[in-house]
Amino acid sequence: MSSSRVGLADGAAGRTAAALPRGAAGGPALPPADDDWLDRAFAALADRTRRAILARLAEGDASVTELAAPFSMSQPAVSKHLAVLESAGLVSRRKEGRTRPCRLEAAPLRSLAEWVGGYEQYWADSFDRLDEVLADLDDGTAGAPRQTTPRTRGATP
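For the sequence shown, this note's numbering gives the first residue as 122, with consecutive numbering after it.
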């Protein structure tokens, strides 16, 4: 189905979400984000082991030994995963005596959720337009001119 048939009159068909205009009419209004940080954060979250580590840390602070226990990998391997999570700002460590407990940092995850959420309205609107076209196809009115109300410049709907 071509983009013209699904009602994507805003020209966004075929563009990736990252290429959408920020805050422009029809495009998502996104919170400001550092692209390098986003790359690191999404790369960190792309690995299932790192996501499992974050899930464990959501329950509370843990040492590398505690984090390594459920995995069939060495502590140094878990430490490498933690280094990736730390560089993305998703995990922090502090010195406590002889140990360095790891802690989940929630603020960066909230920022990621807000960034992704910026696209929610765009896609909701796109699916609403698709629903309208599909309903028109079911009614047999596809291709028929729509009734529109003329607007004057500067008038609000």
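In this text, a Cβ means the ideal position worked out from N, Cα and C, and glycines have one as well.
- With contact defined as three or more Cβ pairs closer than 8 Å, the stretch 166-177 and the stretch 195-209 are in contact.
- Secondary structure at S247: helix, using DSSP grouped into helix, strand and coil.
- Contact between P229 and A162 is confirmed by a C-beta separation of about 6 Å, below the 8 Å threshold.
- In terms of Cα proximity to E180, the closest of R215, A227, P197 and R221 is A227.
- Between A165 and L233, the gap from beta carbon to beta carbon reaches 8 Å or more.
- For the pair D156 and P197, the Cα-to-Cα distance works out to about 29 Å.
- V237 has its alpha-carbon roughly 35 Å from the corresponding atom of D260.
- Look at S213 here: in three-state DSSP terms it is strand.
- Beta-bridge annotation (DSSP): R224 is paired with S213.
- By the neighbour-count definition (other C-beta atoms within 10 Å, threshold 16), A245 is an exposed residue.
- Scanning A190, D182 and L159 for the CA closest to the CA of T170 turns up A190.
- Of the candidates Y243, T220, L159 and K201, the residue whose Cα lies closest to the Cα of S184 is T220.
- Within its own chain, the residues whose Cβ lies closer than 8 Å to the Cβ of S195, once the five positions on either side in sequence are excluded, are A189, listed in chain order.
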